[in-house]
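Have a look at the structure below before the remarks.
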């Protein structure tokens, strides 16, 4: 995943962050508010690492899966639906009820 996903859905990542770094504090995460540089500095201080090492650890963490709260977010769903329009036949609406797709009506 990219940092943009994290930044846009910051609070949805709290559980994933505290799973990786159990000593992370939600109030501190609120203050960071998705700022990548502030998060790197926070993790470096939290884990007693150099910022470059913390950045590498965060980069490795970013290779994981998106948290379900992000995947199930309506904005994420709507974006995915809009991208799917190229697979929907002409005259069909990508937002129509799925049960009606392909029924010829």
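Residue numbers (the working numbering): 903 to 1007.
From the three backbone atoms N, C-alpha and C, an ideal C-beta is built for every residue, glycine too.
Task: Among 948, 957 and 928, nearest to residue 942 - alpha-carbon criterion - done: Stepping through the chain shown from its first residue, residue 942 is reached at position 40. Closest by alpha carbon: 957.
Open item on the list: Tell me the residue span of the alpha helix (DSSP H) that contains residue 948.
Closed with: Here the question's residue 948 lines up with position 46 in the chain shown. Segment 938-949, the alpha helix (DSSP H) holding residue 948.
Task: First through last residue of the alpha helix (DSSP H) which encompasses residue 965 - done: Working through the chain shown from its first residue, we reach residue 965 at position 63. If you look at residue 965, you'll find it isn't in any alpha helix (DSSP H); DSSP assigns it neither H nor E.
Task: Alpha carbon of residue 960 to alpha carbon of residue 933, nearest angstrom - done: By one-based count along the chain shown, residue 960 stands at place 58. By one-based count along the chain shown, residue 933 stands at place 31. The alpha-carbon of residue 960 is positioned some 18 Å away from that of residue 933.
- [ ] Could you tell me which of 938, 926, 924 and 993 sits nearest to residue 964, measuring between CA atoms?
- [x] Locating residue 964 in the chain shown gives position 62, where the first residue counts as 1. Ranked by Cα distance from residue 964, the first of 938, 926, 924 and 993 is 938.
Open item on the list: Quick check: the Cα distance between residue 919 and residue 951, rounded to an integer number of angstroms?
Closed with: Taking the first residue of the chain shown as 1, we reach residue 919 at position 17. Taking the first residue of the chain shown as 1, we reach residue 951 at position 49. Computed Cα separation, rounded: 17 Å.
Open item on the list: Less than 8 Å between the beta carbons of residue 949 and residue 912, yes or no?
Closed with: One-based indexing of the chain shown puts residue 949 at position 47. One-based indexing of the chain shown puts residue 912 at position 10. At a Cβ-Cβ threshold of 8 Å, residue 949 and residue 912 do not count as neighbours.
TODO: With DSSP collapsed to three states, give me the class of residue 905.
DONE: For the purposes of this step, residue 905 is taken as the residue at position 3 of the chain shown. If DSSP states are grouped into helix, strand and coil, residue 905 belongs with the helices.
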